[in-house]
Amino acid sequence: MALVQYLNRAWLEPGAVKRLSRELETLGVRRPLLCTDPGIVASGLLDKIRAHWPAEAPFAVFDATPANPTAEAVRAARDLYREQNCDGLIGLGGGSPIDLAKGVGLMLAQKEPLEELEVNRKGTAKIGPLPPLVAIPTTAGTGSEVSIGAIIITDDGRKATFASRHLVPQVALCDPELTLGLPARLTAATGMDAVAHCIETYLSPVDNPVADAIALDGLRRAIRDGALKRAVTQGSDLEARTQMMTAALEGALAFAKGLGAVHAMSHSAGRLKGRNLHHGTLNAVLLPCVMRFNASAVPEKMRALAEAMGLPKGEDVATAIEKLNREIGMPASLGEMGVKRDLVEDLVAVALKDSAGATNPVRATAQDYRRLYEEAIQGSE
Ligand SMILES: [Fe+2]
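Each residue of the sequence shown is one higher than the one before, counting from 69 in our numbering.
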């Protein structure tokens with residue numbers, strides 16, 4: 069049986085951010101707290117938003133979101149929200165500030181400690197309505213602006229996943245102009261996260277033909293039509309940026325049907341202490357190995373992926389991703405990213421527990437994950 073459920077209001081166009089004060093008014097928000105990070109402040113994007121701030125509202129900003137949002141940072145933002153008497157939230161940035169804003173909403177509305185609300189502790193059922201949230205993405209990748217999920221590092225250092233329809237921002241302002249200044253490396257990494265969402269969710273065995281169609285459309289835009297390559301090599305190409313923002317939105321709308329082993333493995337590697345390995349870069353490197361692992365179980369779906377990617381006859385998905393990775397400057401292996409063999413057992417243990425693995429077309433065992441990590445550490449050359 070298919071469950072098709074789409075929930076929020078997303079504006080997708082250059083200049084979408086001009087709608088901010090009108091959208092806040094519709095939501096009844098008079099005193100928003102904007103959550104962002106130091107990089108967004110330094111890039112001048114925060115000033116761009118200020119021009120569309122509701123008249124008479126104080127400019128309340130929490131700008132200390134870490135690269136991966138922590139419970140400690142969420143508490144600091146929540147305290148500021150209370151101090152400033154705020155009545156709604158704005159998340160401005162990549163996935164992290166948007167996830168942080170989702171965490172603030174959870175802490176404000178829920179009585180339970182954050183840990184009790186995790187997916188792994190069956191927290192989804194406990195989560196109720198949260199304060200209104202407007203998400204303004206500044207990258208084209210995570211899709212947190214339309215997704216039910218949030219990832220926050222708990223006080224004991226775990227990357228905890230939260231998921232609920234109440235975590236979907238009420239409004240997403242997807243303005244590709246905000247991504248024009250994104251450096252090539254980040255454009256490539258975040259873009260490959262969107263590509264991984266489209267591919268993995270399409271391969272998920274969960275029945276949702278609408279999500280499948282959306283995922284394939286995202287791939288066509290990003291790869292067949294060349295938007296990802298153009299956005300990386302010509303950062304100022306607004307059309308390419310618009311297509312990539314569309315692909316990111318589509319990837320996240322589609323992944324309501326689950327992801328797969330690429331995400332199980334990248335979540336595990338992404339929480340390695342002191343390394344700060346980028347989620348999208350990890351996905352880019354892991355995709356070819358996992359696609360080879362999946363290929364014989366889902367041959368028809370692999371053909372559909374190859375067609376959506378516009379591949380010449382005979383070229384397989386894994387080889388095409390390796391080629392694309394080279395062209396957009398992604399590393400060729402986990403080894404190149406500093407991940408060594410001695411970490412494999414730890415990586416496997418955490419990947420096995422990750423909920424994304426449950427919807428991989430082939431259920432990966434510990435032995436499979438071990439082999440996949442070893443292949444990814446070595447790379448294709
Ligand atoms: Fe992702």
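Cβ atoms here follow ideal geometry from the backbone N, Cα and C, with glycine treated the same way.
Since the structure is predicted, the reported quantities are computational estimates derived from the model, not experimental observations.
Using a 10 Å radius around the Cβ and a threshold of 16 neighbouring Cβ atoms, would you call residue i buried or exposed?
| i | result |
| --- | --- |
| residue 233 | exposed |
| residue 179 | exposed |
| residue 238 | buried |
| residue 441 | buried |
| residue 365 | exposed |
| residue 393 | buried |
| residue 137 | buried |
| residue 382 | exposed |
| residue 435 | exposed |
| residue 135 | exposed |
| residue 433 | exposed |
| residue 422 | buried |
| residue 210 | buried |
| residue 159 | buried |
| residue 105 | buried |
How far does the beta strand (DSSP E) with residue i in it extend, from its first residue to its last?
| i | result |
| --- | --- |
| residue 203 | 201-205 |
| residue 229 | 227-231 |
| residue 217 | 217-221 |
| residue 298 | Segment 295-301 is the alpha helix (DSSP H) holding residue 298; no beta strand (DSSP E) there. |
| residue 160 | 156-161 |
Assign residue i to one of three DSSP states: helix, strand, or coil.
| i | result |
| --- | --- |
| residue 389 | helix |
| residue 104 | coil |
| residue 127 | coil |
| residue 239 | strand |
| residue 77 | strand |
| residue 255 | helix |
| residue 138 | strand |
| residue 407 | coil |
| residue 187 | helix |
| residue 341 | coil |
Excluding five sequence neighbours on each side, which residues of the same chain lie with their C-beta closer than 7 Å to the C-beta of residue i?
| i | result |
| --- | --- |
| residue 438 | 412 and 416 |
| residue 127 | 118 and 121 |
| residue 173 | 157, 198, 199 and 201 |
| residue 154 | 99, 100, 101 and 128 |
| residue 92 | 100, 122, 156 and 202 |
Using a Cβ-Cβ cut-off of 8 Å (strictly less than) and excluding sequence neighbours within five positions of residue i, which residues of its own chain qualify?
| i | result |
| --- | --- |
| residue 445 | 401, 402, 403, 407, 408, 409 and 412 |
| residue 253 | 397 |
| residue 197 | 177 and 234 |
| residue 139 | 171, 182, 220, 221, 222 and 223 |
| residue 236 | 75, 76, 214, 215 and 216 |
I'd like the span of the alpha helix (DSSP H) that includes residue i, first residue to last.
| i | result |
| --- | --- |
| residue 348 | 347-362 |
| residue 244 | Where residue 244 is concerned, there is no enclosing alpha helix (DSSP H), given that its DSSP letter is neither H nor E. |
Excluding the 5 residues preceding and the 5 following residue i in the sequence, name in chain order all residues of the same chain whose CB lies nearer than 6 Å to its CB.
| i | result |
| --- | --- |
| residue 428 | 328 and 329 |
| residue 336 | 415, 418 and 419 |
| residue 57 | Since the first residue of the chain shown is 69 and the last is 449, residue 57 is not available in this structure. |
| residue 358 | 329 and 330 |
| residue 295 | 289, 308, 311 and 312 |
| residue 257 | 346, 348 and 349 |
| residue 263 | 290 |
Query raised in the report: Are the segment 190-199 and the segment 103-114 in contact at 8 Å, needing three or more beta carbon pairs?
Result: no
Query raised in the report: Between the segment 336-353 and the segment 137-154, are three or more C-beta pairs nearer than 8 Å?
Result: no
Query raised in the report: Does the segment 300-317 come close enough to the segment 362-376 that 3 or more CB-CB pairs lie under 8 Å?
Result: no
Query raised in the report: Does the segment 313-322 come close enough to the segment 380-388 that 3 or more CB-CB pairs lie under 8 Å?
Result: no
Requested in this report: Taking 8 Å as the threshold, find out whether the segment 268-276 comes into contact with the segment 340-347 through three or more Cβ pairs.
Outcome: no
**Report entry** Three CB pairs or more closer than 8 Å across the segment 163-173 and the segment 114-123
**Finding:** no
Query raised in the report: If you pair each beta-carbon of the segment 281-290 with each one of the segment 373-381, do three or more pairs fall below 8 Å?
Result: yes
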